[in-house]
Amino acid sequence: MKKVAIVMGSDSDLPIVKKAAQVLKDFGVPTELRVLSAHRCAAEVSEFARNAEKNGTGVIIAAAGKAAHLAGAIAGQTPLPVIGIPIKASALEGIDATVQMPAGVPVATVAIDGAANAAFLAVQILAVSDDALMEKMKAYRAAQTAKVLEADKKMEQVLAEL
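Here you go:
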């Protein structure tokens with residue numbers, strides 16, 4: 016199975032990206048966790064991005080606040096899918112750089128601090144070519160549906176008690 020690399024611009028982003036790492040762990044997806052700043056160690060970001068495919072990575076999740084150029088800096092140097100997580104850190108919340116990418120260099124963007132959804136999207140991308148992972152995703156989705164429908168059944172009782 017290909018791994019998912021989670022790259023954050025600063026270790027202060029760790030409380031957010033841990034949510035992605037937990038989802039990936041729950042699905043049994045191998046994960047790499049890195050701290051690489053697009054601005055403070057650009058050469059290392061470039062080396063990571065250019066070698067990610069040959070190092071067994073299938074999807075990259077990039078999380079950064081403030082200027083939030085990390086996802087774009089990585090996407091510009093790899094053919095792999097890149098998912099950007101804007102981190103709530105400044106007035107523009109990292110959305111400016113994460114969503115404003117030129118044609119041909121896409122970054123899939125999730126909600127501000129949306130690390131869990133970034134991981135779910137990474138799982139879905141990998142599951143396209145991994146039947147076992149696809150079955151895990153289907154089972155997860157079925158469990159989610161069952162949970163909501165169970166809550167829905169309780170609503171009649173709520174109305175009866177009014």
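Residue numbers (the numbering used here): 16 to 177.
Glycine residues also receive a C-beta, built at the ideal position from the N, C-alpha and C atoms.
No experiment lies behind these values; they were computed from the predicted model shown.
| query | result |
| --- | --- |
| Among Leu-141, Ser-25, Val-138, Lys-18, whose alpha-carbon lies nearest the alpha-carbon of Val-60? | Ser-25 |
| Which term fits Lys-18, buried or exposed, when burial requires 16 or more other beta carbons within 10 angstroms of its beta carbon? | buried |
| Tell me where the beta strand (DSSP E) around Gly-99 begins and ends. | 97 to 101 |
| So the candidates are Ile-98, Asn-132, Asp-145, Ile-102; which of them puts its Cα closest to the Cα of Met-116? | Ile-98 |
| Since Ile-31 sits in a beta bridge, which residues does DSSP pair it with? | In DSSP, Ile-31 forms no bridge with anything. |
| Quick check: the stretch 113 to 133 against the stretch 45 to 54, are there 3 or more CB pairs under 8 Å? | no |
| Do you know offhand how far Leu-174's Cα is from Leu-164's? | 16 Å |
| Is the beta carbon of Ile-76 closer than 8 Å to that of Ile-102? | no |
| Does the beta-carbon distance from Val-38 to Ala-142 come in below 8 Å? | no |
| Quick check on DSSP: helix, strand or coil for Met-116? | coil |
| Please state whether the Cβ-Cβ distance between Ala-79 and Asp-128 is less than 8 Å. | no |
| Look up Thr-46 in the DSSP assignment and say whether it is helix, strand or coil. | strand |
| Contact check, Ala-90 vs Pro-121 under 8 Å by CB: the rounded distance? | 7 Å |
| Out of Ala-137, Lys-69, Asn-132, Met-152, point me to the one whose CA is closest to Thr-93's CA. | Lys-69 |
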